[in-house]
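Inspection log for the structure reproduced underneath, given as structure tokens.
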Amino acid sequence: MPCRLIKFEENYKFRDYESPGSKRSAAGGPSKGMGAFVKDLKEEFKSVDYVYVWHALCGYWGGLRPDVSGMPESRVVGPKLSPGLEKTMEDLAVDKIVNNGVGLVPPESVGQMYEGLHSHLESVGIDGVKLLEMLCEDYGGRVELAKAYYKALTASVKKHFKGNGVIASMEHCNDFMFLGTEAISLGRVGDDFWCTDPSGDPNGTFWLQGCHMVHCAYNSMWMGNFIHPDWDMFQSTHPCAEFHAASRAVSGGPIYYTGVLGAFNCQGGGWSPEIRRNKCFSEHSHAVTSTVSPADIEWGQGANPIPIGPAQTFALYFFKQNKLILLSNPTDQIQISLDPFNFELITVSPVTQLAKNSVQFAPIGLVNMLNTGGAVQSFVVNEEGSLVQVGVKGTGEMRVYASVKPRRCRINGEEVGFGYEDGGMVVVQVPWVESSSVSVVEYLF
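All the letters of the sequence shown, read from the start, carry residue numbers 148 to 592 under our numbering.
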């Protein structure tokens, strides 16, 4: 934690990377170093559009090391916690910073620091950065120091990362909300999350996940007015990995892995004001029952309102159960029960009445993705009602509801085989094109 930045280049693990084979040098690109690593990453994993790296607002956790040739001037300062923060909770990361200080670049030189960092990252193919926020008092006060840092950061991001290629993390101070959001549109809304209980409770592996979901959902209600919420801090190898993935899917946040509608039982843990940390409350961990209805969805809200027109019937697809249910009225409800740390993701789609043969139709999406309905990019019906075109982004098993079996299906103009299941689900396999492309799936009746 007390380590300080001594150069703007990547560490030896990335500097020593060598691209396998000779394809890189033959193509004229870098064959070694971080530039080669980023190129290989994007070529091998075709769905990766952007590669970001992490750094702290002050350069690194411990800031910059003073008196290093080629680096901006800096001096080690000792952060002081406010009385309110000291009384809230103990945090090992904060303690390390307080004990060892931060190599702080003065505000008049901070632009030089960001230029050095970001120009190098841009040169090796990095698309953006994720920032941890760290500031202190002095230099005219916390607010004046924050103004200088955010002004320099905004200018650098505009220059090197297409205006807003940055995600904020640990940015829950008022300074950020007022000063940092000119360029930053994505930000972490949860607390610093430990996936196992640092105090040693073996059950913390489970109940801490519920705490994190509650924190993120609650904080998003307010912070979502300033930034696009990022729920962050999930693990794909954790015992609750599927719960993590489903939580990220319903968050609506940026996809570091891969969501739409869901219900959770996150009980069993919470904040204890007596001991000033999260603890287990197993007596509250039990199954919960609730209802789901199309009327629960705010169809007209958000940047892209979803027009449902005169639709009265809705198709509900249950991800975990892999089943479809039709509701004949927007206010109809379905009861659902969940055990602790189980989940269900429900995609709700308004049913359209086609003119020809009174066919009912509703797009569902790629059911191999947690974000099932998010794969649907467009939905068009021709005037005769005999042809439906659904734009799909991604690959996998595409499902739609149709009350009548289609005569034919086409993908990007080519006829393909399809299945028609009891209950009216049409199943077709959508091949991979590329991450930025949309496949057009046509259903002919």
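All C-beta atoms in this analysis are idealised placements derived from N, C-alpha and C, irrespective of residue type, glycine included. Since this is a predicted model, take the numbers as computed values, not measurements.
C-alpha distance - residue i paired with residue j, whole-angstrom precision
i	j	result
Ser316	Pro167	34 Å
Leu232	Asp242	12 Å
Ala410	Ile444	Any reading at Ala410 must be qualified, since the residue scores a pLDDT of 34, below 50, and its modelled position is unreliable; the value itself is stated next. Roughly 13 Å separates the two Cα atoms.
Ser194	Glu157	24 Å
Ser583	Ser440	33 Å
Ile331	Ala203	14 Å
Arg222	Asn247	12 Å
Ser475	Gly447	20 Å
Met370	His319	9 Å
Ala548	Gly399	As written in the sequence, residue 548 is Tyr, which differs from the Ala given in the question. If you take the alpha carbons of Tyr548 and Gly399, they lie about 24 Å apart.
Asn412	Met368	Below a pLDDT of 50, predicted positions are generally treated as unreliable, and Asn412, at 38, falls in that range; the measurement from the model is reported next regardless. Using only the alpha carbons, I get a separation of about 19 Å.
Glu291	Val257	13 Å
His362	Arg395	13 Å
Thr460	Asn372	32 Å
Gly543	Phe490	22 Å
Val551	Gly571	7 Å
Cys205	His391	30 Å
Phe466	Glu220	55 Å
Gly263	Ala462	53 Å
Met181	Tyr164	7 Å
Leu408	Pro401	For Leu408, the predicted structure reports a pLDDT of 30, less than 50, and the residue's modelled location is therefore unreliable. The matter cannot be settled from this model.
Asp214	Leu188	36 Å
Leu501	His267	56 Å
Thr405	Glu389	With a pLDDT of 34 at Thr405, under the threshold of 50, the predicted position of this residue should be treated as unreliable, and no value is reported.
Limits of the beta strand (DSSP E) - the one that residue i falls within
i	result
Leu333	Leu333 to Arg335
Ile635	One cannot answer for residue 635 here, as it falls past the ends of the chain, which runs 148 to 592.
Ser525	Val523 to Val528
Lys470	Lys470 to Leu474
Gln507	Gln507 to Leu513
Gln448	Segment: none, Gln448 is in no beta strand (DSSP E) and carries neither H nor E.
Bridge-paired residues (DSSP) for residue i
i	result
Val195	According to DSSP, Val195 bridges with nothing at all.
Ser586	Val539
Trp201	Lys277
Arg212	Paired residues: none, contrary to the question.
Ser437	Ile483
Gly206	Ala203
Ala125	Residue 125 lies beyond the residue range present for the chain, which begins at 148 and ends at 592; the question has no answer from this structure.
Asp377	Arg335
Tyr151	One detail in the question is off: residue 151 reads as Arg in this sequence, not Tyr. Note: Arg151 sits in no beta bridge, so no partner.
Met516	Beta-bridge pairing links Met516 to no other residue.
Exposure of residue i, with buried meaning 16 or more beta-carbon neighbours within 10 Å
i	result
Lys227	exposed
Thr499	buried
Glu589	buried
Ser229	exposed
Thr436	exposed
Trp354	buried
Cys358	buried
Met218	buried
Asp593	Residue numbering for the chain in the displayed model covers 148 to 592; residue 593 lies beyond these limits and cannot be assessed.
Cys150	exposed
Gln356	buried
Asn469	exposed
Asn518	buried
His307	buried
Pro454	exposed
Lys484	According to the sequence displayed, residue 484 carries Ser and not Lys. Counting Cβ neighbours within 10 Å, Ser484 comes out exposed, since fewer than 16 surround it.
His137	What is shown of the chain runs 148 to 592, which leaves residue 137 out entirely.
Glu581	exposed
Thr438	exposed
Pro553	buried
Within 7 Å, strictly: CB atoms of residue i and residue j
i	j	result
Val252	Leu211	yes
Val523	Gly512	yes
Val506	Phe565	no
Asp377	Leu333	yes
Glu269	Thr301	no
Gly272	Val185	yes
Tyr261	Ser303	yes
Arg546	Val574	yes
Pro254	Ala295	yes
Gly351	Asp379	no
Ser496	Pro477	no
Leu492	Ala393	yes
Gly250	Gly225	no
Asp274	Val198	yes
Where the alpha helix (DSSP H) containing residue i begins and where it ends
i	result
Cys602	As shown, the chain starts at 148 and ends at 592. That puts residue 602 outside it, with no answer to give.
Ser303	Arg289 to His307
Lys160	Tyr159 to Arg162
Phe465	Element bounds for Phe465: not the alpha helix (DSSP H) but the beta strand (DSSP E), Phe461 to Phe465.
Val271	Note, Val271: premise wrong, no alpha helix (DSSP H); not H, not E.
Gly248	Unbroken run through Gly248: none, as it is neither H nor E.
Thr352	Gly351 to Met370
Test: residue i CB closer than 7 Å to a CB of chain C
i	result
Cys320	Annotation note: the requested chain C is absent from the structure, which comprises a single protein chain.
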